[in-house]
Each structure stands twice: as C-alpha cells, then as structure tokens.
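>
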Amino acid sequence: MSDTLRTRMQRAVDERRAAPLEAALADWALRHGGSQPVAVALAACARAVADGHSCLSLAHALPAIPGEHPFCDRDELERALQSSELVGAPGESRPLIREEERLYLHRYWTYEARLAERLRRLLAAEPDRVDTAALQPDGGLFDYGWVGDDETHWQAVAAFVALRHRFAVISGGPGTGKTYTVLRLMRLLIESALRAGEAPPLIRMAAPTGKAAARMVESTRAGLTEMPDLPEAVRTHIPLEAGTLHRLIGIGYGTTRPRHDRDNPLAADVVIVDEASMVDLPLMAKLVEALSDQARLILLGDRYQLASVESGSVLAELCSAAGVNRFTSAQQEAAAPLLADPMENSDSPLADHVVTLQTSHRFQADSPIGRLAAAVNDGDGETALAIAADSAPDITLNTDTGGDSLDELVEAAAERYQALIDTTEPQIALEHLQSQCLLCAVRHGPTGSVTLNRRITERLAQQRGFDPRHVWYHGRPVMVTRNDYRAGLYNGDIGVCLRDEEGHLRVWFATDEGLRAFLPTALPDHESVYAITVHKSQGSEFDHVTLVLPLEDNKLLTRELIYTGITRARMTVRLFGSGEILTAAIQRRIERHSGLSDRMREASHE
Numbered sequence: 001m002s003d004t005l006r007t008r009m010q011r012a013v014d015e016r017r018a019a020p021l022e023a024a025l026a027d028w029a030l031r032h033g034g035s036q037p038v039a040v041a042l043a044a045c046a047r048a049v050a051d052g053h054s055c056l057s058l059a060h061a062l063p064a065i066p067g068e069h070p071f072c073d074r075d076e077l078e079r080a081l082q083s084s085e086l087v088g089a090p091g092e093s094r095p096l097i098r099e100e101e102r103l104y105l106h107r108y109w110t111y112e113a114r115l116a117e118r119l120r121r122l123l124a125a126e127p128d129r130v131d132t133a134a135l136q137p138d139g140g141l142f143d144y145g146w147v148g149d150d151e152t153h154w155q156a157v158a159a160f161v162a163l164r165h166r167f168a169v170i171s172g173g174p175g176t177g178k179t180y181t182v183l184r185l186m187r188l189l190i191e192s193a194l195r196a197g198e199a200p201p202l203i204r205m206a207a208p209t210g211k212a213a214a215r216m217v218e219s220t221r222a223g224l225t226e227m228p229d230l231p232e233a234v235r236t237h238i239p240l241e242a243g244t245l246h247r248l249i250g251i252g253y254g255t256t257r258p259r260h261d262r263d264n265p266l267a268a269d270v271v272i273v274d275e276a277s278m279v280d281l282p283l284m285a286k287l288v289e290a291l292s293d294q295a296r297l298i299l300l301g302d303r304y305q306l307a308s309v310e311s312g313s314v315l316a317e318l319c320s321a322a323g324v325n326r327f328t329s330a331q332q333e334a335a336a337p338l339l340a341d342p343m344e345n346s347d348s349p350l351a352d353h354v355v356t357l358q359t360s361h362r363f364q365a366d367s368p369i370g371r372l373a374a375a376v377n378d379g380d381g382e383t384a385l386a387i388a389a390d391s392a393p394d395i396t397l398n399t400d401t402g403g404d405s406l407d408e409l410v411e412a413a414a415e416r417y418q419a420l421i422d423t424t425e426p427q428i429a430l431e432h433l434q435s436q437c438l439l440c441a442v443r444h445g446p447t448g449s450v451t452l453n454r455r456i457t458e459r460l461a462q463q464r465g466f467d468p469r470h471v472w473y474h475g476r477p478v479m480v481t482r483n484d485y486r487a488g489l490y491n492g493d494i495g496v497c498l499r500d501e502e503g504h505l506r507v508w509f510a511t512d513e514g515l516r517a518f519l520p521t522a523l524p525d526h527e528s529v530y531a532i533t534v535h536k537s538q539g540s541e542f543d544h545v546t547l548v549l550p551l552e553d554n555k556l557l558t559r560e561l562i563y564t565g566i567t568r569a570r571m572t573v574r575l576f577g578s579g580e581i582l583t584a585a586i587q588r589r590i591e592r593h594s595g596l597s598d599r600m601r602e603a604s605h606e
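Those letters in the sequence shown? Residues 1 to 606, per the UniProt record's numbering, in order.
#1: Identify whether Q294 lies in helix, strand or coil by the three-state DSSP scheme.
#2: For the segment 405-419 against the segment 461-480, do three or more pairs of beta-carbon atoms, one drawn from each stretch, fall closer than 8 Å, so that the two count as touching?
#3: Got a sec, what are the start and stop residues for the beta strand (DSSP E) A242 sits in?
#4: Judging by CA-CA distance, which residue of G381, L105, V38, R107 is the nearest neighbour of R79?
#5: From T209, L240, T396, pick the residue whose C-alpha is nearest to that of L224; which is it?
#6: On the DSSP bridge list, what partners appear for C497?
#7: The alpha helix (DSSP H) spanning H106 covers which residue range?
#8: How many angstroms separate the CA atom of L5 from the CA atom of R74?
#9: What are the start and end residues of the beta strand (DSSP E) that includes M216?
#10: What do you get for V157, buried or exposed, if any count of 16 or more other CB atoms within 10 angstroms of its CB means buried?
#11: For the candidate residues P127, R601, I421, whose alpha-carbon lies nearest to that of G323?
#12: Can you tell me whether A517 is helix, strand or coil according to DSSP?
#13: Alpha carbon to alpha carbon, how far is T447 from D407?
#14: Helix, strand or coil for L372 per DSSP?
#15: Would you decide whether T209 is buried or exposed? Buried here means 16 or more other CB atoms lie within 10 Å of its CB.
#16: Closer than 8 Å is the cut-off here; do at least three beta carbon pairs connect the segment 206-220 with the segment 492-506?
#17: Using CA coordinates, which residue listed in G250, R184, L281 is at the minimum distance from R235?
#18: Does Q436 pass the burial test, meaning 16 or more other C-beta atoms within 10 Å, or should it be called exposed?
#19: Whose C-beta lies closer than 7 Å to the C-beta of M343 among residues of the same chain, with five residues either side of it excluded?
#20: Leaving out five residues on either side along the sequence, give the residues of the same chain with a beta carbon under 8 Å from the beta carbon of S537.
#21: How big is the Cα-Cα spacing for T511 and S93?
#22: Taking Cβ positions, are S292 and A267 nearer each other than 9 Å?
#23: Given a threshold of 16 other Cβ atoms within 10 Å of its Cβ, counted over all protein chains shown, does R31 qualify as buried or as exposed?
#24: Can you tell me the Cβ-Cβ gap for M205 and I97, rounded? I've got them flagged as a contact below 8 Å.
#25: In chain order, what residues of the same chain have a beta carbon less than 6 Å from the beta carbon of A517, not counting five sequence neighbours either side?
#26: Going by other Cβ atoms of all chains shown within 10 Å of its Cβ, with 16 needed for buried, is H605 buried or exposed?
#27: Decide yes or no for the touch test of the segment 300-310 against the segment 127-143: beta carbon pairs closer than 8 Å, at least 3 of them.
#28: Roughly how many angstroms separate the alpha carbons of V410 and A487, rounded to a whole number?
#29: Leaving out five residues on either side along the sequence, give the residues of the same chain with a beta carbon under 8 Å from the beta carbon of D150.
#30: Let me know the secondary structure DSSP gives N264 once reduced to three states.
#31: Taking just the CA atoms, how far does E99 sit from A334?
#32: Using the C-alpha atoms, what's the distance from D525 back to V480?
#33: Once the 5 residues before and after G88 are set aside, which same chain residues still bring their CB inside 6 Å of it?
#34: Buried or exposed: where does T256 fall if 16 or more other Cβ atoms within 10 Å of its Cβ makes it buried?
#35: Can you tell which of Y144, V270, H260, A43 has its C-alpha closest to the C-alpha of A162?
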C-alpha cells in the first residue's frame with residue numbers, strides 16, 4: 001500500500017474511525033493490482049456491509065476513508081472502476097461487482113441475486129384455488145366478534161393469501177394475531193390434505209434466535225388451548241417444536257455453509273419463520289435456497305420493527321415493494337368474499353403475497369401506547385411528544401436527563417430488582433424479570449446498557465452488602481449472548497442466579513422442558529441484564545418498559561428503534577430522554593442500501 005494511503009488508513013483504525021478489516025482489504029487490493037480509488041472502494045464496501053447495507057450506494061456517497069472527504073471525484077472513480085481487474089459485472093467472479101449505481105462485495109451480490117431469483121420462482125407458481133367459506137364468519141375458524149360489519153378481517157385474509165400462494169408475508173405489530181392466524185392456516189392445510197387422502201404437510205417452524213423460537217412454541221401451545229374443537233387427527237400434525245434458522249438449515253459452529261441447499265433441500269412442505277424482520281440477507285438467501293421446489297414459505301414479522309443487526313432488511317424491503325394491503329385485480333376478485341371494501345389496486349404480483357394485520361390485542365389502536373406507536377410510524381414527532389406528555393399513567397415522559405435524574409433512574413431500577421435478591425423461587429424471579437424491563441437505545445455511554453448494568457449492580461451491592469467485583473451472586477439476572485445447542489440455551493435467553501438450600505449458586509432458565517438449573521461455569525457467553533438494548537429485546541414483551549435515550553443525538557436513533565422499544569410494553573411505557581432527541585429519532589428512518597426492492601419490482605414486470 002502506498003505510504004500515504006497506508007498512513008491515512010492506519011490513522012483511521014487507530015482513531016477507531018475504521019475497522020482493521022478495512023485497512024487489510026485496502027492493502028490486499030493494492031497488492032493485487034488495484035489502484036488507490038479501487039482499494040478505498042473495497043474497504044468502503046466492507047464498511048457498508050458492517051453498517052447493515054448490502055452494497056455501497058454510489059448514488060448516495062463516493063468511497064472515502066472514514067472521517068475524511070471522498071477519496072477522489074466521480075470521474076476518477078469511474079475510470080478506476082472500469083479499468084480494474086478487481087471489478088466485474090453481474091455474474092462475473094471478481095472481488096467487487098458493479099451493478100448500476102451499486103457496488104457490492106461479490107459474496108453479497110450473490111446473496112441478493114440468489115434470494116431475488118428464488119423469490120421470483122415462488123411468486124411465479126400458479127396460485128391455488130382457495131375455498132373462502134372456512135374463512136368467513138360461518139366457517140367458525142376465525143372470530144369475527146371484534147370485527148365490525150364494515151371492516152375486513154385481515155387475519156382471515158392473511159390465511160387466504162398463505163393458502164393461495166407458496167410464498168406469503170404476514171406483517172403485524174405486537175398482538176395483531178400472527179400466531180392466531182398461522183394456527184388456523186396450519187389446520188386448514190392439514191385438513192385439506194386429509195380430505196384429499198393425501199399425507200398431511202410436514203410443517204417446520206423456526207426463528208432467527210433461540211429466544212424467538214421458544215416464544216413461537218409457547219404461543220403455539222397457548223393457541224392450541226383455545227381450539228378445543230381441533231380434531232386429534234389434525235392436532236398431531238401441528239408442530240410443537242421450533243428451532244433457530246441456523247439449526248433448521250444446518251449451519252453449525254465454525255462454518256457459514258449450510259447442510260441444506262438447492263442440492264440437498266430441507267425435508268419440509270411448509271416453513272414458517274417468526275420474527276422475520278431480524279433475519280439478515282445472507283441467512284434469508286440460504287433459507288430460500290434450502291427449500292424444495294414445492295415447499296411453502298411463510299414469513300411472520302413486523303415491517304415497522306428494527307431490521308437485522310447484520311446486513312440487509314429483507315422483510316422491510318419486501319413489504320415496502322408490495323405496499324400496504326394492495327392486491328392485483330385478479331386476487332381481489334378471488335378474495336372478494338373476505339373484503340369489506342375494494343382495495344387500492346396494484347400491478348405488482350408481490351403485493352398479492354403480503355398482508356399487513358391492522359388490529360392489536362396487546363394494546364388497542366386507540367390506547368395511548370397504540371396512538372404513540374402510530375405517531376412514531378408516521379414520523380410525527382410533535383404528535384408523539386404530545387401523546388407522551390398527556391397520557392399518564394400509561395405513558396410518562398421524563399425530559400430531565402441531568403445527573404440527579406439519571407441517579408434516580410438507577411436508584412429506582414435497583415429498588416425494583418431487589419425482589420430478585422429477596423426470593424429463592426426461580427419461577428417467581430423469572431416472572432419478575434418478565435414484568436418489567438429497562439431498555440437502552442445504545443450499548444455504550446452514560447445511558448447505555450453496559451453503564452446502567454454496572455451502576456445498578458454497584459447500587460444493589462451497596463444496599464445488600466455483596467461485593468460487586470464478584471461476578472456471581474444471588475439474584476443476578478443474565479442474558480445468554482451465544483447459542484449453545486448442547487445446553488439448550490440460545491442467544492437472548494434470560495435467566496437468574498439463585499442460591500439453593502445447600503448454598504450453591506445455580507442459574508435458572510425457563511426452557512421448553514420447564515425450569516432448568518445450570519452451573520454458572522457451564523453457561524455459554526452471557527452478560528448481566530438489568531438493562532438491555534432495544535435490539536436484544538426484539539421478540540419479547542413486558543408489562544412495564546422504561547426506554548432510555550442517549551444524552552446526545554446520533555444516527556443509531558431511528559423511528560424503528562423507538563417503535564420497537566415502546567411496543568415491547570403491554571401496560572405502561574416510561575420515556576427517559578429529551579424531547580428534541582426523541583423527535584429527531586422519530587423523524588429519522590433506518591436507511592439500508594440494497595438492490596432487492598429493485599430486483600423484485602423488475603420481477604413484477606417480467
């Protein structure tokens with residue numbers, strides 16, 4: 001690498017403006033014949049992926065060393081990219097792929113292209129004929145009691161879409177009935193096969209994390225208790241197990257190559273994926289390639305929720321390309337008995353595969369939390385502030401974020417968590433952890449989860465007389481941060497350390513097999529969890545949520561993050577942060593650069 005570029009890249013790494021990988025890739029590019037602009041472009045593509053993008057959008061910014069101006073002007077960049085042996089066109093095997101105004105690392109271009117191609121094949125499958133009688137009020141499967149005569153029952157419509165097509169997305173916020181819908185969908189698929197004298201479909205359920213998979217099973221079991229008329233012949237074929245997507249397609253430790261792919265497809269007729277907003281581009285691409293040609297894929301999630309921490313925002317992009325509940329004229333005609341009013345027509349076949357559920361049963365749309373969530377989704381910071389300021393006790397807003405106020409926040413949290421120290425009953429302790437949650441928008445800084453966990457631990461130690469330097473103590477709540485399939489513990493699982501009658505410390509978790517105790521030394525990677533980030537809270541719900549914003553605005557604060565945080569609550573939300581920062585966050589959307597939406601729109605016109 002030239003001394004000038006080497007020095008600048010190393011300075012960026014030393015000042016933590018760039019990752020060591022970026023400097024290493026720039027060095028590799030120059031050692032393999034790339035010019036300086038191409039070397040910086042390769043590093044910039046790696047940084048784009050680390051920031052959650054699938055590609056580097058040249059329409060938005062030119063490649064630059066982080067913290068500096070663009071490395072060169074557009075004309076020089078164009079000449080460098082066009083003449084470089086390291087840059088190829090779509091389909092070529094080069095380190096960088098240029099497609100229109102998008103520059104990809106080859107691997108991520110491949111993920112995106114293969115995902116789009118596989119989804120096109122699913123969309124192109126001939127729609128199945130659906131008998132809508134079982135989905136209407138007289139069919140008895142769906143409760144129409146809470147739906148007005150002039151309203152569409154969107155859960156029934158969602159089931160119709162998933163029955164009609166081999167690919168469906170059912171999007172809905174907390175409590176909108178995604179599990180309710182899927183249970184009835186599975187019943188219809190199984191009953192249809194039995195009536196035809198065919199083998200019932202093999203249905204597999206999965207989620208991106210172990211915690212989300214466990215909640216999927218919990219919701220399914222609870223939903224089955226509400227279907228007492230379910231024939232035993234059907235019940236036996238409804239899955240009561242769910243695993244992570246990694247386990248489903250066979251990705252193990254030390255490898256990113258799945259056991260199941262297009263040459264060794266997954267044994268499943270129907271694959272249902274919950275919390276699909278958390279699934280990144282590489283994992284979604286591997287999932288769709290692992291499906292057999294005749295399998296159905298049903299994605300469940302919330303289009304407005306935070307996207308994956310990793311690259312891509314597949315669910316949000318698919319929903320955005322489809323619009324909100326817009327069918328083609330052909331599908332509107334087929335679904336007419338279920339639609340109270342005509343829809344806005346769409347010419348996009350993708351729109352026929354996406355349904356957005358409308359009504360929440362966790363909190364009503366006209367409740368304070370429901371109205372706040374709607375204002376956040378609309379990007380209306382002024383209305384959101386007004387709702388938050390005038391909705392006590394459901395919502396409270398504390399804009400005094402000074403030192404004393406932050407101390408009071410820590411003191412109050414420590415007081416609540418004393419209940420963990422006062423009990424020896426694992427079930428009581430775990431229920432207490434599910435009743436409330438201190439959510440942080442960021443991990444680091446004065447209001448980050450790392451700092452608040454440390455401060456709450458220290459305050460509890462002062463109050464209860466234990467040494468905070470000792471990692472393990474009675475009443476410590478922990479969250480697993482890495483899947484351990486042998487132990488049956490997964491990223492996001494929350495447990496509590498309690499001393500037993502013999503004085504030994506054990507960490508208790510609620511698992512599919514009931515309460516289980518582990519030796520502290522036997523746990524996979526973990527951390528204290530008095531406070532957790534909003535990202536880590538996805539897929540969870542709590543009675544009471546306190547959402548803590550940073551003291552200064554930053555680009556990580558988005559409306560998706562605020563929405564995800566407040567919708568974890570069933571009963572009350574407390575917001576801690578300045579009105580200016582809250583408003584700025586609500587007005588800022590997650591921006592993920594990719595070509596998936598364009599590829600799917602192109603598919604609509606093929």
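Using N, Cα and C, we set each Cβ at its ideal position, and we do this for glycine too. Fair warning: this is a prediction, and the values are worked out from it, not measured in the lab.
Let me lay it out:
#1: Here Q294 sits in coil by DSSP.
#2: yes
#3: 242-244
#4: V38
#5: L240
#6: For C497, the beta-bridge partners assigned by DSSP are V507.
#7: 106-124
#8: 19 Å
#9: Note, M216: premise wrong, no beta strand (DSSP E); alpha helix (DSSP H) at 210-225.
#10: buried
#11: R601
#12: strand
#13: Whole-angstrom Cα-Cα distance: 11 Å.
#14: helix
#15: buried
#16: Two segments are said to touch when three or more pairs of C-beta atoms, one from each, lie closer than 8 Å; by this definition the segment 206-220 touches the segment 492-506.
#17: R184
#18: With 16 or more other Cβ atoms within 10 Å, it is buried.
#19: N325, R326, F327, Q332
#20: C437, L439, T564, G565, R568
#21: 45 Å
#22: Taking 9 Å as the Cβ cut-off, S292 and A267 qualify as a contacting pair.
#23: exposed
#24: No, M205 and I97 are not in contact; Cβ-Cβ is about 35 Å, not under 8 Å.
#25: R506, W508
#26: Residue placement at H605 is flagged as unreliable, the pLDDT there being 47, under the threshold of 50; a coordinate-derived value is accordingly withheld.
#27: no
#28: 33 Å
#29: A340, D341
#30: strand
#31: 38 Å
#32: Cα to Cα, the separation comes out at about 6 Å.
#33: R94, I97
#34: exposed
#35: The residue among Y144, V270, H260, A43 with its C-alpha nearest the C-alpha of A162 is V270.
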